[in-house]
Ligand SMILES: [Zn+2]
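Residue numbers (the numbering used here): 123 to 377.
#1: Which ranges does the alpha helix (DSSP H) cover as unbroken runs of at least 4 residues, wholly within the stretch 197-233, from first to last along the chain?
#2: For the stretch 271-284 and the stretch 303-316, state whether three or more C-beta atom pairs, one from each stretch, are separated by less than 8 Å.
#3: Report the option in 128, 136, 207 whose CA atom is closest to the CA atom of residue 327.
#4: Could you tell me which of 367, 361, 355 sits nearest to residue 346, measuring between CA atoms?
#5: What do you reckon, are the CB atoms on residue 341 and residue 303 nearer than 9 Å?
#6: Can you confirm whether the stretch 349-357 touches the stretch 285-296 when touching is taken to mean that 3 or more C-beta pairs between the two stretches lie within less than 8 Å?
#7: Measuring only from the beta carbon, is residue 173 closer than 8 Å to any heavy atom that is part of ligand 1?
#8: By DSSP, does residue 132 sit in helix, in strand, or in coil?
#9: How do the stretch 203-217 and the stretch 319-339 stand: do at least 3 beta-carbon pairs fall below 8 Å, yes or no?
#10: Going by the C-beta, is residue 254 closer than 8 Å to any heavy atom of ligand 1?
#11: Report, in whole angstroms, the separation of the C-beta atoms of residue 183 and residue 149, which I expect to be a contact under 8 Å.
#12: For the stretch 245-263 against the stretch 291-298, do three or more pairs of beta-carbon atoms, one drawn from each stretch, fall closer than 8 Å, so that the two count as touching?
#13: In the DSSP assignment, what are the bridge partners of residue 174?
#14: So who's on the other strand from residue 141, going by DSSP bridges?
#15: Using a Cβ-Cβ cut-off of 7 Å (strictly less than) and excluding sequence neighbours within five positions of residue 134, which residues of its own chain qualify?
#16: With DSSP collapsed to three states, give me the class of residue 364.
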């Protein structure tokens, strides 16, 4: 059990897909299928056979390749039960559900805000979470189908995971997110250091995903609505955490 392998690959302009593989059982899962060709190429590169596909949400850059991948591999497709408009799901899951992949628990977190159907997949024995377009490295998803309160509650579910958890998100947005984060949390030395590392990694063409939850808790302004320095900077010392989060989200939308 455990000791799964992870293979992250880019597709479209700034998306990441991930393959999860067990050498002991031979099973392989993918997170989302926004680009069927890119996913099938990644499988071929690794020599892995796809057995499972875990879908986070209905946006085209996450499901456009689903039909092609399912037809080609006969994988079992797991996705949202609530608010689902996704074709081809074999198993529909919701908040609190746990299922097995390669002998590991996969816990389902419903994290609406970006979309109403958003699911995140958490593997507690592995210490890995796939946050889709809910939590990004130094950012969070835009609010297309939910309000700030909804997203804040969703982020709180992720913040409750162990800080050592590895966070795979679906986009390479980190450098732009870091630039924005510096405008609301300019005196955070951990953020300053991370920004420098990110600029260097991007200059070298390297991914900044995955990160750890501990890094996000220390530097991601969207998880730091209770931070006194940020509150002071925004002039919101007596606001609720959700109100501070909403203000940061609005500022990012207009950044
Ligand atoms: Zn999306």
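Here a beta-carbon is modelled for each residue, glycine too, at the ideal position from N, C-alpha and C.
In this structure, then:
#1: none
#2: no
#3: Along the chain shown, one-based indexing puts residue 327 at 205. Out of 128, 136, 207, 136 has the C-alpha closest to the C-alpha of residue 327.
#4: One-based indexing of the chain shown puts residue 346 at position 224. When only C-alpha atoms are compared, the closest one is 367.
#5: Numbered from 1 along the chain shown, position 219 holds the residue referred to as residue 341. Numbered from 1 along the chain shown, position 181 holds the residue referred to as residue 303. Taking C-beta atoms as the reference points, residue 341 and residue 303 count as a pair closer than 9 Å.
#6: no
#7: For this step, residue 173 is matched to residue 51 along the chain shown. Answer for residue 173: no, Cβ out of range of ligand 1.
#8: Taking the first residue of the chain shown as 1, we reach residue 132 at position 10. DSSP places residue 132 in strand when its eight states are reduced to three.
#9: As far as the Cβ criterion goes, the stretch 203-217 does not touch the stretch 319-339, which means the pair count is below three.
#10: Taking the first residue of the chain shown as 1, we reach residue 254 at position 132. Yes, Cβ of residue 254 sits closer than 8 Å to a heavy atom of ligand 1.
#11: Here residue 183 refers to the residue found at position 61 of the chain shown. Here residue 149 refers to the residue found at position 27 of the chain shown. Actually they do not touch by this definition, with Cβ atoms about 25 Å apart.
#12: Verdict: yes, contact present.
#13: Position 52 of the chain shown, counting from 1, holds the residue named residue 174. Answer is 151, 198.
#14: As a first step, residue 141 is located in the chain shown; it is residue number 19 there, counting from the start. 129, 152, per the DSSP bridge assignment.
#15: Locating residue 134 in the chain shown gives position 12, where the first residue counts as 1. These residues qualify, in order along the chain: 156, 157, 183.
#16: Your numbering for residue 364 matches position 242 in the chain shown. If DSSP states are grouped into helix, strand and coil, residue 364 belongs with the helices.
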